[in-house]
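Here is the structure we will look at.
Residue numbers (this note's numbering): 168 to 605.
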């Protein structure tokens, strides 16, 4: 690895990220059912029909996990809260055990000198709200605002930062158009409404947290570089469409109060009534922008209705997910955000790779992960040198976990988890990064 802390500006923060359903063990602590439980119970949706019922049992082993995080030398822990753990019905009476858990977690972080960075929602919608239309229903903005008030009235005085919703593209497009995540729909009308309502919910949540006197509030957006598969005008147009509905829709919606025309070409006829009137809420002032980045896609035109494009296999080395390793995309997105919102600090809120890690002789050697992180941190340094106000970099993920529709076989963690025994084993990457952070 080619970096240490000294290669970054003073005060630059390093951290690791996780999410509630992926690690906690949703069967514990009286959490309510989620649409992910239903999705996973449907044959063909998830590898081996695996779910998050036990996951990494972080619910009971959180102190051990925070000790490992402290041992890494991290400054920040980006975690998420589970809506269904806090409000099992989605609305109504809170679950005291759920609130107590996040209370303990935040206090445990502070006791270890770690900054708690909370994300309110990382995809586990309470099933009773899914039954009422979920993200297709405009009322979800008010439901989410109420959830925000319940959880942040409890922990909002002690978290270092907060963001409402992780990766709006996954909540909207991946889940309602491609059908790869819960609720598993393939419906353009549902997609348009979910994409808009997720941003309306983001805005309402920011309003609530401001009303509680909270600061350091941001938005977290996943971004994927759209590379034309060849030099044709048609491929360039297809890549521009992909960029519009994947990256620009959410980022520009929140920062500029408008959606790109290339996205509205397909989504516009299906948007909810009077959607243009919601930007006053959607564009609540933020204190920072989070960029989640992993890969690029090579985009070519395709026959059929909008968006009339397809992904083409690319030539670059790939991770266990089959994702091309393209650090230049991270540099480009940091630069794009810096240009679009020059007054807002930027954090890389997720970056990392899945690797077919094997525990051998009590150790896990993962040089591929170190090379990946090294290359992306180099992209961060280049962006800073070119004037971007980049303040931190958080690795996905602290530990191997439930990788949604791919079950437990894709390993993103700095810490190996044996999903039979739940034994934690820090990988070689963990030890190398800890040395650099020291």
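The C-beta atom is built at its ideal place from N, Cα and C for all residues, glycine as well.
The model shown is predicted, which means the values in this text are computed figures rather than measured ones.
Sixteen is the threshold: since fewer than 16 other Cβ atoms of the shown chains lie within 10 Å of the Cβ of residue 598, the residue is exposed. Within the stretch 385-439, complete beta strand (DSSP E) segments of at least 3 residues are found at 385-395, given in chain order. In the three-state reduction of the DSSP assignment, residue 517 falls in the strand class. Residue environment for residue 399: exposed (fewer than 16 other C-beta atoms within 10 angstroms of its C-beta). Of 490, 454 and 340, the smallest CA-CA separation from residue 430 is found for 340.
A distance below 8 Å separates the beta carbons of residue 498 and residue 546. Residue 477 is bridged by DSSP to 467. Residue range 582-584 is occupied by the beta strand (DSSP E) that includes residue 582. Comparing C-alpha distances from residue 253 to each of 222, 219, 293 and 242 shows the shortest one belongs to 293.
Residue range 202-207 is occupied by the alpha helix (DSSP H) that includes residue 206. Looking at the DSSP output, residue 245 bridges to 184 and 284. Annotation: residue 178 is outside any beta strand (DSSP E) and is labelled neither H nor E by DSSP. By the Cβ-count criterion, residue 334 is buried, with 16 or more other Cβ atoms from all chains shown falling within 10 Å of its own Cβ.
Of the other Cβ atoms in all chains shown, 16 or more fall within 10 Å of the Cβ of residue 465; this residue is therefore buried.
A distance of 8 Å or more separates the beta carbons of residue 595 and residue 240. Beta-bridge annotation (DSSP): residue 459 is paired with 389 and 517. In the DSSP annotation of this structure, residue 486 is not part of any beta strand (DSSP E), being labelled neither H nor E. Ranking 325, 285 and 314 by CA distance to the CA of residue 278 puts 325 first. Nearest neighbour of residue 303 by Cα position, chosen from 269, 364, 345 and 309, turns out to be 364. Residue 592 is bridged by DSSP to 583. If you keep only unbroken alpha helix (DSSP H) runs of at least 4 residues inside the stretch 280-359, you get 294-297 and 307-322. Sixteen is the threshold: when 16 or more other Cβ atoms of the shown chains lie within 10 Å of the Cβ of residue 445, as they do, the residue is buried. For residue 446, the enclosing alpha helix (DSSP H) covers residues 446-449. Take the alpha-carbon of residue 480 and the one of residue 488: they are about 13 Å apart. Annotation for residue 425: 419 and 446 place their beta carbon closer than 8 Å to its own, counting only its chain and skipping 5 residues before and after. Exclusion of the five residues before and after residue 541 leaves 168, 169 and 170 as the residues of its chain whose Cβ lies within less than 8 Å of its Cβ. Taking a cut-off of 8 Å for Cβ pairs, the stretch 563-576 and the stretch 527-540 do not touch, as fewer than three such pairs fall below it. Residue ranges of uninterrupted beta strand (DSSP E) with 3 or more members, entirely inside the stretch 507-554 and ordered along the chain, are 513-517.
Between residue 502 and residue 553 a beta carbon distance of about 7 Å is seen, short of the 8 Å cut, so the two are scored as contacting. Residue burial annotation: residue 536 is buried, with at least 16 other C-beta atoms found within 10 angstroms of its C-beta.
A Cβ-Cβ contact shorter than 8 Å links residue 196 with residue 268.
For the 8 Å CB-CB criterion, residue 486 and residue 441 do not form a contact.
When 236, 539 and 469 are compared, the shortest CA-CA separation from residue 401 is found for 469.
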